[in-house]
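Listed in order, the protein sequences are those of chains D, X, V, U, F and R. Letter 76 of the first sequence, counting from 1, is numbered 76 in the numbering used here, and no numbers are missing. Quick note: to get the numbering used here, add 1000 to the position in the second sequence (first position is 1). Quick note: to get the numbering used here, add 2000 to the position in the third sequence (first position is 1). Quick note: to get the numbering used here, add 3000 to the position in the fourth sequence (first position is 1). Quick note: to get the numbering used here, add 4000 to the position in the fifth sequence (first position is 1). Quick note: to get the numbering used here, add 5000 to the position in the sixth sequence (first position is 1). Worksheet: the structure to be examined is printed underneath.
6 protein chains.
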Amino acid sequence: MKKFNVGIIGYGWVASAHIAAINATAHAQVTAVFSSRPLDETELSARHGSTITVYDRLEAMLANPSIDVVSICSYPQQHAAQAMQAARAGKHLIIEKPLCFSQKELRALETAIKKAGVKTCVCFECRYSSQFLATKAVIDQGLLGSLHYGEVDYYHGIGPWYGQFRWNTRKDAGGSALLTAGCHALDALLLCMGGDVAEVTSYASKSRSKTFAPYEYPTSSVTILKFKNGAVGKCAASVDCFQPYYFHTHLVGSEGSLLDNKFHSMKLGTDRHQWSALAMKMLDSGDVSDHPYTTQFEAFFKALAAGREMPLTSLAEAARTHEVIFAADRSAETGKPVRLG
Amino acid sequence: MKKFNVGIIGYGWVASAHIAAINATAHAQVTAVFSSRPLDETELSARHGSTITVYDRLEAMLANPSIDVVSICSYPQQHAAQAMQAARAGKHLIIEKPLCFSQKELRALETAIKKAGVKTCVCFECRYSSQFLATKAVIDQGLLGSLHYGEVDYYHGIGPWYGQFRWNTRKDAGGSALLTAGCHALDALLLCMGGDVAEVTSYASKSRSKTFAPYEYPTSSVTILKFKNGAVGKCAASVDCFQPYYFHTHLVGSEGSLLDNKFHSMKLGTDRHQWSALAMKMLDSGDVSDHPYTTQFEAFFKALAAGREMPLTSLAEAARTHEVIFAADRSAETGKPVRLG
Amino acid sequence: MKKFNVGIIGYGWVASAHIAAINATAHAQVTAVFSSRPLDETELSARHGSTITVYDRLEAMLANPSIDVVSICSYPQQHAAQAMQAARAGKHLIIEKPLCFSQKELRALETAIKKAGVKTCVCFECRYSSQFLATKAVIDQGLLGSLHYGEVDYYHGIGPWYGQFRWNTRKDAGGSALLTAGCHALDALLLCMGGDVAEVTSYASKSRSKTFAPYEYPTSSVTILKFKNGAVGKCAASVDCFQPYYFHTHLVGSEGSLLDNKFHSMKLGTDRHQWSALAMKMLDSGDVSDHPYTTQFEAFFKALAAGREMPLTSLAEAARTHEVIFAADRSAETGKPVRLG
Amino acid sequence: MKKFNVGIIGYGWVASAHIAAINATAHAQVTAVFSSRPLDETELSARHGSTITVYDRLEAMLANPSIDVVSICSYPQQHAAQAMQAARAGKHLIIEKPLCFSQKELRALETAIKKAGVKTCVCFECRYSSQFLATKAVIDQGLLGSLHYGEVDYYHGIGPWYGQFRWNTRKDAGGSALLTAGCHALDALLLCMGGDVAEVTSYASKSRSKTFAPYEYPTSSVTILKFKNGAVGKCAASVDCFQPYYFHTHLVGSEGSLLDNKFHSMKLGTDRHQWSALAMKMLDSGDVSDHPYTTQFEAFFKALAAGREMPLTSLAEAARTHEVIFAADRSAETGKPVRLG
Amino acid sequence: MKKFNVGIIGYGWVASAHIAAINATAHAQVTAVFSSRPLDETELSARHGSTITVYDRLEAMLANPSIDVVSICSYPQQHAAQAMQAARAGKHLIIEKPLCFSQKELRALETAIKKAGVKTCVCFECRYSSQFLATKAVIDQGLLGSLHYGEVDYYHGIGPWYGQFRWNTRKDAGGSALLTAGCHALDALLLCMGGDVAEVTSYASKSRSKTFAPYEYPTSSVTILKFKNGAVGKCAASVDCFQPYYFHTHLVGSEGSLLDNKFHSMKLGTDRHQWSALAMKMLDSGDVSDHPYTTQFEAFFKALAAGREMPLTSLAEAARTHEVIFAADRSAETGKPVRLG
Amino acid sequence: MKKFNVGIIGYGWVASAHIAAINATAHAQVTAVFSSRPLDETELSARHGSTITVYDRLEAMLANPSIDVVSICSYPQQHAAQAMQAARAGKHLIIEKPLCFSQKELRALETAIKKAGVKTCVCFECRYSSQFLATKAVIDQGLLGSLHYGEVDYYHGIGPWYGQFRWNTRKDAGGSALLTAGCHALDALLLCMGGDVAEVTSYASKSRSKTFAPYEYPTSSVTILKFKNGAVGKCAASVDCFQPYYFHTHLVGSEGSLLDNKFHSMKLGTDRHQWSALAMKMLDSGDVSDHPYTTQFEAFFKALAAGREMPLTSLAEAARTHEVIFAADRSAETGKPVRLG
């Protein structure tokens, strides 16, 4: 028997990816699912290869003492409240992005989790991708020197061909181009640049294509960031484009640059007029089944077993990223730069 | 005998490129050079293959009625005054970028040229490059639909290995990352996006490498632009990077996207998950001898012969680009968005 | 329940592909199969995921009023008679290529179908491939101008390693290199060139390899076509080659050329000395499971629902292609050019 | 001193290429030029690096007994008469293609040369290209087995940007798409297929682009060939296309196929579903300065020294190719197949 | 019913690959498995699709007269004894590499098999890979001429991520870098070079990485070989590297060279300064499920049916390879060259 | 005026490359040439762009006190004696490889140079190539960890098409495959592996092609090396192959491997199953005009100015490489391993 039992909140597209990934780790299995829709326990257990109890009331699932962790895979607007409820029930938390929709909600969530003393894993799983593990290693080996400019962008047309389009177009569910999807790019930018953000400015626009007309909010935006250490960053997010999925990264430092899977470092004596290339699996799909959940959850369960916060995607890092997103969206709405605390 | 005689102001690296390009056109030849350094007429004529008179006083050259056009290749801080002086002498103008260093200078220059009734060619020659002629044709054929987001960036490390580094590091000669080199990218962005700019915000930083320490101004910057038609744009400029020269273009529209020499258009029924590729010579060098001066000058001389302003790089377009640069640099200095008239 | 019920005639390699494709559409399901071989209804239904009744008499199946459409997947020499029988029974028709083996049979078939008032889908499914949808879009966007020369060819060694080799080698089943397989290339050529054919000449030959000795007819041929509008075309078909499958396309027009997935257009200002490239899935396999049947059938069922003939592959287009093939084969046999009506 | 002295007839674009190539061989030098335009002997000698006497009368040059060989680089319509005149003067012959414009002229030329007992090199120099030397070696090593179908095509837009366009558009100078340029492809096809031609049929057309309107004859054609051994061939020639230069080769035999620089051979046990690739310099330019004249002339001079006809491009091979071209052009004009003797 | 019944000795990773491959041939099926671990007959039969009897005593399986062939898939140190026991029982033999661990054991094995009159297939299946079938064909067609130098190497990090690492690190099971895995490369080298080996010298070393510390023997070695015909060869074997799997081949002969899937041959007239490329599936994985067992076993069963020894991997070839390995390992241990008989 | 005057000994192919490279440095110019052939001073000075005095007696040149350095570009068998003579005359030395032909000569040379107190640059210039500067940087950054196996090889057919073939085929001029050319590869191997060599074994052979028959010594060899630190190396050298020039490098260490311009490092978190790629100019030509002489000489002159031995290619490193070569050649001749001191 593996160490941790996990209960899932919500049973949709993302939940399927979470269950598969959790069951694929060496340390945990899914034993419960809460869903407002009726589900067949036998079929569910067979499909996922672990014995799963189905609950139609969240309170009932949270009352089960054998459940150690809950994973929140519901609609975005439900994440925060359910996370606080589960924390109060003493469950450790896996929370799909976004955590919440405002700075105020974020503070409440942090307080509740801190008070409950539970550990958290927020699904900024791109930090555990082959691409960003390697990118981070290149930075940490000093091959780029000290970074003074960086951009990470997210281009991915989310139209009717995409399951989440059905609800994602609503302002209260999607939020903004950054919040609904671009958050992965902004989060990766903060991972790479390292320091604290002093100020952001953001401009937003929207495609004139009929395909994307249902969106209630601007679906393309560009945000620039001033870091406290003097560095500058930028994050574009577009969910209304017609093109291949592109998670664009360009980092400029005192010893070299990195562009996606290419780099140049003065430390390796290579030809400055051509890029060297790193073998890595690129983030080239928005499909959650391609995302590195298993690696991330493995790290979370190891940290839980050791009684520590997990590396890279604990609440602290994720909260920092959300604060920057909220500031950026406020800037786009108000038309003014927004300073961070 | 070709139609137009051209006098060159200043005799350095850029002048050599201009002379070769002018002599390579079908309509003009260089017949005079003004330089404060002593030059040997015979050797100069032999090197460039046309009979060249050398002047050590600008007034003298401008007084020669056989000269139809002057090309201003002096230090940047001399461009504006010399251009006004030549215009007053009735000469048509080829002016290397930048035109000048402030909005006020720009207005004075526009007034002087208008009063003199001469025609102007400003060296934003990238508009005549294979890359941007093709990019513009793709936009004009409607393959991208209506653009709502675009970015064009300039990455080119200008260090001690580069001739212009000697004077370019000074604030009064280089000006800013945008003004000294990134202007080509900003100009190309305006070409592609088409509409008028309503507002810009810019953040700037500087490499911590010793190599770039001599620069008196921030050598990397990122500028975001709000267009009057609702579209949004972005231009990064870095002259303090260690990497291959990169003129990055990414345009997002209602029918497709273009990324450098790659594109996708819903109108061609191609696979949205892969880029199609356009055969074009990329801008991949900061070396003026690689720049499409000949094509640009040919267009200028044809327009002169027809008594018209030239297409793409006349004073009007160039002035618009300079205004945006001045606004961006002011934003970076003041820390506030700057609106355009 | 989806709208249309389909009965299949014949149960071999092609039938499996048809059933999978029909069941994958949103509008129809296979509910019946007629086969002279005994089949197990339960196993068949399980394999294909729809409830299928098996008939050992075609009349019986055609008498079932719940069947809206029949799909003819029998041996080539049976297609025409079965199609007429099914039409008379009031069934709409999906007919595998070839329709028949002579101009006379073709006229009879057309008459029968017209009289019955049923709609028809002929399996020239390559018109619905990614490759030819994109190729056609490029032509329709005017990027090639007006075509004056075009060639589409079919190279695919059909030897003992291939299921259909067993019967395909017979003159009365295979017919000719064009009829048995090259018809897809000829049909694609007519799609691209657009106009009516005035005359064809064809030469044929045969490999000296023992592998292909069983064929009773020439297995390589080349046909040239004169169009009424003055354009010229060419189609080579070889089923006796040892090489990768190759569906070669080369179109030459007044604004550019297209070669397979490459093209040049004067309208895009790209470099004439290099090909631009279109992202498309190439036709690179003779395996029917790789063919775009689902797209084609979806279009057919949508047209049926709207009471219209389907686009691209209705009887009218297919009849035109067969007429040209019959003329080409007659030319190869008689050694003379053959004019079309 | 090298062995053979060569006199050049005509001094244009092609002559420059011939002189450079002849002087680059180990066995001959150019010592005379006949031109109707006045030329400066000193400048000519300096430019080409050999002492050259200029003649303004052909008779005078032919009367010079020190000249061993003449190379005929005049306008196409002059080739035959000048060749006969030179042969009668006892000079060995290098003749640019085409030899002449009719079967009758060809017979007269053959008779005159035979009677004079001189040796001939006809400029079908593509036979000496890296591409066709390797292609021929692959055939000769038996890697393709016995060929039963082959096509070699010529696509090269010859428009106003091309020197020869000035006169090439005239019927009496260019002749036909095949004669003016496509002859290289037809000649290469005959080289590869090996046997004698029994019959040809040809269809011709013309671009609707204004660029190519000056041509007085059809500028695209496709010709199919029946060989006496049962094999079939095809040659397309287009000088009115907008695309990269393309010398397309596709050979199909009993042991494998060759497509340009790719091949598959059953004898090498490689994967039949992928092409193997041959390292060779492709014919990818119509520019005579890229053509393998030196290799061809070296072979001619070696044969001369040995008193033999040269391999690959002697009069016999070239006459055969011309006969096929004349037959093809007659077929295109008459609309009927044409048999060869 | 297929002709030959096969019993498997040992049921691990390799056995699974053997069973699948044997059942995939047209001539044999697996009907028995001997394993010291208890196995479920029903489940085993279902998994492999043939009716399998499970034995827990080897003698019992060997006593079953319906079994024609045994395949030895046990631990390496058991191979020789079990092979002799099975041979004595009159069974034909499939033996996984290595055959044994010493020259003395090898002689005993050869004697026992010869005495029993059974046929043998030794699993040097790389000889049946696409890569070496093509490489051998290139040599046999004479395209490389006579070989005077050749190297075939094996680079494949076998660490804890690899199933066999568990026991392979032991000296008595793995033996040496050559014996445990590099044997495939040495065997391929002997296949290519053809002649008999006169002498070998070998040097060995070991990675300083902790990952590979458990190995009880040197895990990298390089061996050079003197052939009786004067040619020289070399084989490096490394199982302690961190890099992509690489089966490196470089052959140098009197007409050309082959490097992996690239080659140059003077006989094909291709460009000597670039490699031509052969389409072949490369050996790029140590995973037995990627190895060409089916092709090898098919050849074995065909030879059995014909009463002949199989080509390429019979006992004679494999014994020769083992002798060279034993000599190389003795050389590495003694520090002296070792001559072969 | 630049600091150092250089006199050249011998005026052939290599001398031309030396003179160009020396004159291209910032610190020295060639002012004298000694040659046994009569040379024209004026023409020589013009060709090389520096004023050059020609000497026909070496003593005379060495007696000129204005000459600081001599560069020895004579036949290999003259190098050692001339170097000692020049050293005695107090000249600093540039010496083309090889230094000498025996260990005894080497000792004498070292003694003479030490006694004279002059500095030395030996032309193992590949150490200054882009390829090995980058390779060394990768090792020095620790990306490969500690190396335990390495091979660097030299494949370059030196036949009649190559200038040095004329004398290089002689035993007393070429020496061995290693000495005449492979020395660059062996030297690079020692550079990469770092430690001292304990023992070598070498086997040699020769092509059966007529092209290479003139060679008086074995023209292919393979040498294996045991290092004192336990690592193992290998160097193959072939000057009798028909293939592209190939300087093959494969290094295996405790953190990764490098293969030519590809590498994998566990420290960068990249995908172990694919190679990352380094942008570097590869050594892909034996032509001395492609060799990095200028970089090497620049380093020598800087060291001279500072009164230090130069890095990478001073006498000490070169002597070590020669000792290993002499040992390897002795091993190939005696058939026994040879230990180094």
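A virtual CB, placed ideally from N, CA and C, is assigned to each residue, including glycine. Being a predicted model, the structure only gives us computed values, none of them experimental.
Query                                                                                                                                                                              : Result
Is it right to say U:R3308 is buried, meaning 16 or more other beta carbons lie within 10 angstroms of its own, or is it exposed?                                                  : exposed
Between which two residues does the beta strand (DSSP E) carrying D:N5 extend?                                                                                                     : 4 to 9
Answer yes or no: does any C-beta atom of chain U fall closer than 7 Å to that of F:Q4274?                                                                                         : yes
From the DSSP output, read off the bridge partner residues of V:A2348.                                                                                                             : With chain V covering only 2001 through 2341, there is no way to say anything about residue 2348 of chain V.
Quick check on the burial criterion: 16 or more other C-beta atoms within 10 angstroms. Buried or exposed for F:R4057?                                                             : exposed
Could you work out which residues of chain U lie near V:E2059, taking near to mean beta carbons separated by less than 7 Å?                                                        : The premise fails here: V:E2059 is roughly 44 Å from chain U at the closest Cβ pair, so nothing lies under 7 Å.
Is there at least one Cβ from chain U nearer than 7 Å to F:T4249's Cβ?                                                                                                             : no
Along the chain, where does the alpha helix (DSSP H) containing X:F1124 start, and where does it finish?                                                                           : Neither: X:F1124 is in no alpha helix (DSSP H) and is coded neither H nor E.
Let's test the definition: count the other Cβ atoms within 10 Å of the Cβ of F:E4151 and tell me whether it reaches 16, buried, or not, exposed.                                   : buried
Report the partner residues of F:D4153 according to the DSSP bridge assignment.                                                                                                    : F:H4248
Report the residue ranges of all beta strand (DSSP E) runs contained in full by the stretch 55 to 121 of chain D; include only those spanning at least 3 residues, in chain order. : 69 to 72, 92 to 95
What would DSSP say about X:C1192, mapped onto helix, strand or coil?                                                                                                              : helix
Let me see if you follow: with CB-CB separation under 7 Å, is F:V4152 close to chain U or not?                                                                                     : no
Shorter than 6 Å, the distance from the beta carbon of D:G150 to the closest heavy atom of the ligand ATP, or not?                                                                 : What this structure holds is no ligand at all, so the ligand ATP is not there to describe.
State yes or no: is the C-beta of R:A5237 within less than 7 Å of the C-beta of R:S5221?                                                                                           : yes
Could you tell me the distance, in whole angstroms, from the CA atom of F:S4036 to the CA atom of F:S4071?                                                                         : 15 Å
The stretch 4277 to 4292 of chain F: which residues have C-beta closer than 8 Å to a C-beta of chain U, in chain order?                                                            : A4277, L4278, A4279, M4280, K4281
Can you tell me where the beta strand (DSSP E) holding V:I2158 begins and where it ends?                                                                                           : V:I2158 -> no beta strand (DSSP E), and no H or E assigned at all.
How long is the line joining the alpha carbons of R:D5271 and R:H5264, rounded to whole angstroms?                                                                                 : 8 Å
I'd like the span of the beta strand (DSSP E) that includes R:M5236, first residue to last.                                                                                        : Before going further, note that residue 5236 of chain R is Ala rather than Met in the sequence given. Per DSSP, R:A5236 belongs to the beta strand (DSSP E) from 5232 to 5238.
Within 7 Å (strictly less), CB to CB, does X:P1160 reach chain D?                                                                                                                  : no
Would you kindly check if the distance between the Cβ of D:T223 and the Cβ of D:R241 is under 7 Å?                                                                                 : For clarity, residue 241 of chain D is Cys in the given sequence; the question names Arg instead. Not closer than 7 Å, so no.
Relative to the C-alpha of U:L3179, which candidate in U:V3239, U:I3009, U:G3159, U:F3004 has its C-alpha closest?                                                                 : U:V3239
Within 7 Å of any Cβ in chain V, is that where the Cβ of X:Q1141 sits?                                                                                                             : yes
Give the secondary structure of F:A4318 by DSSP, where H, G and I count as helix, E and B as strand, and everything else as coil.                                                  : helix
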